[in-house]
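**Student:**
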Amino acid sequence: MSIQKKRGMTIRTRRAITGYLFILPFLFGFLVFMVRPMVQSIAMSFTNVTLSAKDGVVQTPAGWANYIFAFTIDPEFNQMLVDEIVRMVTHSLATMVLAFMIALLLNQNFKGRALARAIFFLPVILSSGVLVGVETNNSLIIGMKELITQSNNLNIGNALFTLLTASGMGEQALEVVYGLITSVYDIVMASGIQIVVFLSGLQTIPRSMYEAAEMEGSSAWESFWMVTFPIISPLLIVNMIYTIIDFFMKTDNLIMEKIREEMFISLNYGYSAALSWIYFMVAIMMIGISSLIIIKGVKRYE
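For the sequence shown, the working numbering assigns the number 2 to the initial residue and increments by one for each residue that follows.
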């Protein structure tokens, strides 16, 4: 028994060392390039920054004034923050559901499966830095995106809106559903990594487990809930954290636009730093809440 425990500790130690070696380059880069700017940003958020031709950058201590101004005086920030949190929740859930469904389909045996997987991986390539610029500045791609959006608005969106209205669904729920329909393009573009993660997890499930469930008389639906979902559930946390971070880092959301406006147009560096840290803390809070919710349903198999 003691030998087994000793071997088990050895395996865990080796895995821990492997993990630390894997993240070592990131830790080195973070400590060398990120810690100092973060400290300076935090310090700047508690000051009023002015530019002087004689003294250069002048920082005057302001205490919590920038944070108080953001929550109590700024007429836009609170509403923008609430809107972005609501949009993050709905879009993240839609992205996770879509990615999981597509991964289940791509895990099936059918002709042209490799081509289908490559097509659904295209959002990852299109989301890369270079192609984001091409997508932003390419009038053809912008026109195609607008055409897709307008097509959804005119056909599927309006038809579903009419159907849900007739069913008596509340106005707020209707707005959420309609917003998701009109954001199909963005949701699909944000689901590439999640599809790959879910697909890699599905491929690790032994076929023998499905055969055993089938021999016990389980249907495909029961096998999904008793075999597939419990084994895949740990990946929900990974994908949800990635999805939330990816959403908060998008440059087209209202808070990011306001931070850029305060920094580059109004030259209000102290206030923009405060907004950035508020936004960062909200993102951390949303990651923590979603992780706590998901982890309750996670089942681990050794």
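Think of the CB as a built atom: it goes at the ideal place given N, C-alpha and C, for glycine as much as any other residue. Quantities reported herein were computed from a predicted structural model and do not represent experimental measurements.
What is the rounded straight-line gap between the Cα of Ile86 and the Cα of Thr11?
**Tutor:** As a first step, residue 86 is located in the sequence shown; it is residue number 85 there, counting from the start. As a first step, residue 11 is located in the sequence shown; it is residue number 10 there, counting from the start. Cα to Cα, Ile86 sits roughly 44 Å from Thr11.
**Student:** So what's Gln80 in DSSP terms, helix, strand or just coil?
**Tutor:** Position 79 of the sequence shown, counting from 1, holds the residue named residue 80. Gln80: helix per DSSP, three-state reduction.
**Student:** Reducing DSSP to helix, strand and coil, say where Asn49 ends up.
**Tutor:** Numbered from its first residue, the sequence shown carries residue 49 at position 48. Looking at Asn49 - three-state DSSP - the assignment turns out to be strand.
**Student:** To the nearest angstrom, how far is the alpha carbon of Glu77 from that of Arg208?
**Tutor:** Here residue 77 refers to the residue found at position 76 of the sequence shown. Here residue 208 refers to the residue found at position 207 of the sequence shown. Rounded to whole angstroms, Glu77 to Arg208 spans 54 Å at the Cα level.
**Student:** Quick check on the burial criterion: 16 or more other C-beta atoms within 10 angstroms. Buried or exposed for Tyr272?
**Tutor:** For the purposes of this step, residue 272 is identified with residue 271 of the sequence shown, where counting begins at 1. With 16 or more other Cβ atoms within 10 Å, it is buried.
**Student:** Note down, in chain order, each residue of its chain lying with its Cβ closer than 6 Å to the Cβ of Gln195, except the 5 sequence neighbours on either side.
**Tutor:** Position 194 of the sequence shown holds residue 195. Contacts found: Ala100, Asn240.
**Student:** Is the stretch 214-221 close to the stretch 247-259, with three or more CB pairs under 8 Å?
**Tutor:** These segments do not touch.
**Student:** Rounded to a whole number of angstroms, what is the C-alpha to C-alpha distance between Ala274 and Phe31?
**Tutor:** For this step, residue 274 is matched to residue 273 along the sequence shown. For this step, residue 31 is matched to residue 30 along the sequence shown. Looking at the two C-alpha atoms, the distance is approximately 19 Å.
**Student:** Beta strand (DSSP E) containing Gln60: first to last residue?
**Tutor:** Position 59 of the sequence shown holds residue 60. It spans 57-62 - the beta strand (DSSP E) in which Gln60 sits, taken as one unbroken run.
**Student:** What does the alpha-carbon distance come out to for the pair Ser224 and Phe27?
**Tutor:** The residue you call residue 224 lines up with position 223 of the sequence shown. The residue you call residue 27 lines up with position 26 of the sequence shown. For Ser224 and Phe27, the distance between alpha carbons rounds to 40 Å.
**Student:** In the DSSP assignment, find the unbroken alpha helix (DSSP H) run with Lys259 in it and report its ends.
**Tutor:** Position 258 of the sequence shown, counting from 1, holds the residue named residue 259. Residues 255-261.
**Student:** Less than 7 Å between C-beta atoms, sequence neighbours within five positions excluded: which residues of the same chain meet that for Ser291?
**Tutor:** Stepping through the sequence shown from its first residue, residue 291 is reached at position 290. Around Ser291: Met241, Ile245.
**Student:** Using three-state DSSP, classify Lys267 as helix, strand or coil.
**Tutor:** Locating residue 267 in the sequence shown gives position 266, where the first residue counts as 1. In the sequence as presented, Lys is not what sits at residue 267; that position holds Ser. Residue state, collapsed to three classes: coil.
**Student:** Are Ala108 and Leu200 closer than 8 Å when you measure CB to CB?
**Tutor:** Locating residue 108 in the sequence shown gives position 107, counting from the first residue. Locating residue 200 in the sequence shown gives position 199, counting from the first residue. Note on identity: in this sequence residue 108 is Asn, with Ala being the wrong assignment. Result yes, Cβ atoms of Asn108 and Leu200 sit closer than 8 Å.
**Student:** Can you give the beta carbon distance from Phe249 to Ala284, rounded, assuming they're within the 8 Å contact cut?
**Tutor:** Numbered from its first residue, the sequence shown carries residue 249 at position 248. Numbered from its first residue, the sequence shown carries residue 284 at position 283. Phe249 to Ala284, Cβ: 4 Å. Contact.
**Student:** DSSP three-state label for Trp65, please.
**Tutor:** By 1-based counting over the sequence shown, the position of residue 65 is 64. Of the three classes helix, strand and coil, the one that applies to Trp65 here is coil, per DSSP.
**Student:** Which value, in whole angstroms, describes the spacing of the CA atoms of Ile188 and Ala95?
**Tutor:** Mapped onto the sequence shown, residue 188 falls at position 187. Mapped onto the sequence shown, residue 95 falls at position 94. Each residue's Cα considered, the two are about 7 Å apart.
**Student:** If we count the other Cβ atoms within 10 Å of its Cβ and call it buried at 16 or more, is Phe29 buried or exposed?
**Tutor:** Within the sequence shown, numbered from 1, the residue matching residue 29 stands at position 28. Exposed, since its Cβ has fewer than 16 Cβ neighbours within 10 Å.
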